[in-house]
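Read through the structure below, which is laid out as structure tokens, and then see the notes.
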Amino acid sequence: TMHKMSPFLGSSRNTEIRFTWYQLGIQAEWPDILPGATALLKEQGRMKYLRPLYRALNRSKMGKQVALDTFKEAKDTYHPIAQKMLAQDLGC
Numbered sequence: 131t132m133h134k135m136s137p138f139l140g141s142s143r144n145t146e147i148r149f150t151w152y153q154l155g156i157q158a159e160w161p162d163i164l165p166g167a168t169a170l171l172k173e174q175g176r177m178k179y180l181r182p183l184y185r186a187l188n189r190s191k192m193g194k195q196v197a198l199d200t201f202k203e204a205k206d207t208y209h210p211i212a213q214k215m216l217a218q219d220l221g222c
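Count along the sequence shown starting at 1, add 130, and that's the number in this note's numbering.
Right, dumping it as structure tokens:
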């Protein structure tokens with residue numbers, strides 16, 4: 131069922147829709163969601179999206195290392211306060 135919805139929801143230009151879809155996919159431990167979720171983390175700098183997605187990835191079995199790797203790659207594009215808060219959340 132997630133596979134059927136993924137082409138529409140994962141490719142939406144609406145950040146709110148993508149954010150919600152990626153959170154659901156991460157909670158379901160669905161590995162196919164990871165490329166889209168990490169892409170959003172690299173293109174979006176708002177804490178409204180960053181912090182919940184990073185926390186969800188960090189709590190998931192499949193996403194802890196993905197969260198750390200993505201943060202390492204994208205952190206320099208984030209505001210310094212976001213960098214500090216996310217580093218705390220991820221235990222960096």
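All C-beta atoms, glycine included, are put in the ideal place defined by N, C-alpha and C.
What you are looking at is a predicted structure, and each value in this text was computed from that prediction instead of being measured.
Check your understanding: Would you call the CB atoms of G175 and A212 closer than 8 Å?
Key -> yes
**Study point:** Same chain, Cβ closer than 7 Å to R185, neighbours up to 5 away in sequence not counted
**Key:** D219
Review point. Count the other CB atoms within 10 Å of the CB of G193; is the residue buried (16 or more) or exposed (fewer)?
Key: buried
Review point. Grouping DSSP H, G and I as helix and E and B as strand, with all else coil, what is Y208?
Key: In the structure shown, Y208 sits in coil (DSSP, three-state: anything other than H, G, I, E or B).
Check your understanding: What residue does the alpha helix (DSSP H) around W151 start on, and which one ends it?
Key -> 145-157
Exercise for review: Taking all protein chains shown into account, decide if R143 is buried (16 or more other Cβ within 10 angstroms of its Cβ) or exposed.
Suggested key: exposed
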